[in-house]
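Let me begin by presenting the structure, written as structure tokens, before commenting on it.
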Amino acid sequence: MPIKLMNERCPGKNIRLLGGKPLLQHELDNLKLTHLCDSINVYCSDEAVVPFLPEGVNFLQRPASLDLPTSNFSQIFTCFMSEIDADIYVYAHATAPFITKETMAQCIEAVASGEHDSAFCAVKLQDYLWQNGQPLNFDATNLPRTQDLEPIYQETSGVYVFTKEVFEKHHRRIGVKPFIKEVSFKEAIDIDNPEDFDLAEIFVNIK
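According to the numbering used here, the sequence shown is numbered sequentially starting from 20.
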């Protein structure tokens, strides 16, 4: 789990309390409950995050340069992979607190089975979509029912599972044969700004 403590859009969000515990603990706790990871690591430049880590989660210090707004997944993961070698990686985001242990387990098992080279979470869109002023997924002159439209999947940032080979060959976290795990609206909540945190606080006690 990559973490930085000073976020531009929602400062301190990763350790802010949600439902009585720091935001980052929600996904870490569920990841532990899968019992499918050999190790769970929080990759952060600041040791101040250590008191917020659940038991059994390792702190791995990363270069402060990776905290820059210009840093991206490839840079962060290249650095992490140079320190932690594995056949399969699970890249989890603290900002998706409602991803369940069942969803995580399905994604991990899909890749571990060898049937898929990667897995990610997504929301299914089955509605009339437009792009550049034109219908994207339907014929406007012969309007179909929404349930007959070809679904389009919107990637969420909850959890990604991928093999080492996928990153080394394609330099990305989704390969050529991914497992797409459809998630609910609640699971898809991703906290980027204060308004997102307000929404999460409404959903945190809803089963």
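For every residue, glycine included, the Cβ atom is placed at its ideal position computed from N, Cα and C.
Top-ranked residue by Cα proximity to residue i, from the options
i: Arg191; options: Phe96, His135, Asp104, Asp215; result: Phe96
i: Lys120; options: Met20, Gly75, Leu47; result: Leu47
i: Val76; options: Ala83, Ala131, Gln44, Gly31; result: Gln44
i: Gly13; options: Arg35, Tyr179, Ser137; result: Residue 13 lies beyond the stretch modelled for the chain, which goes from 20 to 226, so this question has no answer here.
i: Asn224; options: Leu37, Lys23, Cys29; result: Leu37
i: Ile127; options: Pro30, Asp106, Gln153; result: Asp106
i: Glu201; options: Ala129, His54, Asn91, Val142; result: Val142
Residue i vs residue j beta-carbon contact at 9 Å
i: Asn60; j: Leu85; result: no
i: His112; j: Ser176; result: yes
i: Ala207; j: Ala129; result: no
i: Val178; j: Leu52; result: no
i: Phe222; j: Lys196; result: no
i: Leu168; j: Met123; result: no
Run of the alpha helix (DSSP H) containing residue i, from where it starts to where it stops
i: Val130; result: 120-131
Close Cβ partners of residue i (< 8 Å) along its chain, the five nearest in sequence each way excluded
i: Thr165; result: Gln145, Asp146, Tyr147
i: Ile100; result: Position check: residue 100 holds Met in this sequence, whereas Ile was assumed. Taken in chain order, the residues that qualify are Tyr108, Lys183, Phe186.
i: Tyr172; result: Ala141, Val142, Lys143, Leu144, Ile199, Glu201
Close beta carbons around residue i, own chain, < 6 Å, minus the five adjacent residues each side
i: Asn33; result: Ile22, Leu42, Leu43, Ala113
i: Asp65; result: Leu24
Span of the beta strand (DSSP E), counted from its first residue to its last, around residue i
i: Cys29; result: No beta strand (DSSP E) holds Cys29; DSSP gives it neither H nor E.
i: Val178; result: 171-182
Close beta carbons around residue i, own chain, < 7 Å, minus the five adjacent residues each side
i: Pro213; result: Cys29
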